[in-house]
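In what follows, a structure is listed as structure tokens, so that the remarks can point back to it.
Chains as they are written, first to last, in the numbering used here: chain A, 450 to 640; chain B, 15 to 103.
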């Protein structure tokens with residue numbers, strides 16, 4: 450059975466939860482508010498902790514619920530289909546060339562470059578974290594929640610779609626866009 | 015040209031499907047088209063390979079986040095919140 454040590458929460462998990470909140474909201478002030486709400490809720494409901502998960506997992510799940518509430522309140526997850534449709538042409542044009550052929554192929558300026566043989570090593574080093582963060586922070590606000598949830602929440606696409614109230618096809622379009630944007634951004638900032 | 019379109023698809027579709035293929039079972043037709051496309055398109059080959067590297071880097075980033083949090087709360091914020099929590103205990 451896992452137990453809670455509320456007096457140590459802030460010291461043990463404060464910065465970790467704050468980092469998750471900053472990554473997911475891209476806003477330090479919002480993240481601070483969410484952290485405060487998370488710890489206050491956790492204190493309030495600490496008796497409902499059953500001990501079947503770790504203290505860390507329990508706190509992260511409270512934070513994630515607060516973040517989803519925030520997304521809803523800010524309409525970040527709303528009108529995803531309209532957003533993707535409205536931005537489809539502009540987005541495609543920045544990566545793919547639709548004029549030359551009837552089908553979309555990589556435009557010259559967006560074609561992936563060679564990353565070199567040291568890429569694997571470099572990409573798992575701590576210095577690389579800052580470049581990742583910079584690129585994550587540049588993602589469009591409607592793209593960030595899905596991208597971060599995919600990599601940080603350890604949930605499958607079906608669960609994320611349900612939580613966010615988005616369709617599976619929108620989910621994959623967002624993942625695809627996020628990947629294209631991240632790839633280009635990483636290449637620009639590090640190659 | 016039409017025949018070519020029927021047996022192949024665009025780089026846009028190929029990159030999208032290559033992301034989906036990591037988690038979803040694609041239909042045999044789509045799988046075959048993706049395989050065909052990747053067999054000749056150097057750009058998409060690079061994308062797929064680099065995308066995998068990004069997956070690995072994000073996984074590592076997530077694993078390291080607890081030990082080395084990227085963002086830190088200010089000490090003023092922590093002190094104030096700790097006071098609030100102590101009062102609530």
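Each residue gets a CB set at the ideal place from its N, CA and C atoms; glycine is no exception.
Please read all numbers here as calculations on a predicted model, not as lab measurements.
Burial state of residue 494 of chain A is exposed, judged by a 10 Å Cβ sphere holding fewer than 16 other Cβ atoms.
Neighbours of residue 91 of chain B across chain A, judged by C-beta separation under 7 Å: 481. Cβ proximity to chain A below 7 Å picks out 57 from the stretch 42-58 of chain B.
Scanning chain B for C-beta atoms nearer than 9 Å to the C-beta of residue 582 of chain A yields 75, 84 and 85, reported in chain order. When DSSP states are grouped into helix, strand and coil, residue 605 of chain A belongs to the coil group. Counting only residues of its own chain and dropping the five nearest sequence neighbours on each side, residue 540 of chain A has a CB closer than 8 Å to the CB of 626. Within the stretch 520-541 of chain A, the residues whose Cβ lies closer than 9 Å to any Cβ of chain B are, in chain order, 541. If you compare the alpha carbons of A:602, A:620, A:464 and A:570 with that of residue 91 of chain B, the shortest gap goes to A:464. Shown here for residue 614 of chain A: same chain residues with a beta carbon closer than 7 Å to its own, the five before and five after excluded, namely 526 in chain order. With a cutoff of 8 Å on beta-carbon distance, residue 592 of chain A and residue 609 of chain A are scored as not near each other. Annotation: the continuous alpha helix (DSSP H) that includes residue 70 of chain B extends over 56-78. The beta carbon of residue 529 of chain A sits closer than 7 Å to those of 591, 615 and 619, all from its chain and outside the five residues before and after it, given in chain order.
Counting along the chain, no alpha helix (DSSP H) covers residue 494 of chain A, and no H or E run does either. Distances from the alpha-carbon of residue 454 of chain A to those of A:487, A:504 and A:475 put A:504 closest. At least 8 Å separates the CB of residue 496 of chain A from every CB of chain B. Pairing residue 514 of chain A with residue 69 of chain B, the inter-Cα distance amounts to about 25 Å.
Separation of residue 95 of chain B and residue 521 of chain A (C-alpha to C-alpha, rounded to the nearest whole angstrom) is 25 Å. A distance of 8 Å or more separates the beta carbons of residue 567 of chain A and residue 519 of chain A. The Cβ neighbour count for residue 24 of chain B, taken over all protein chains shown within 10 Å, is at least 16; the residue is labelled buried.
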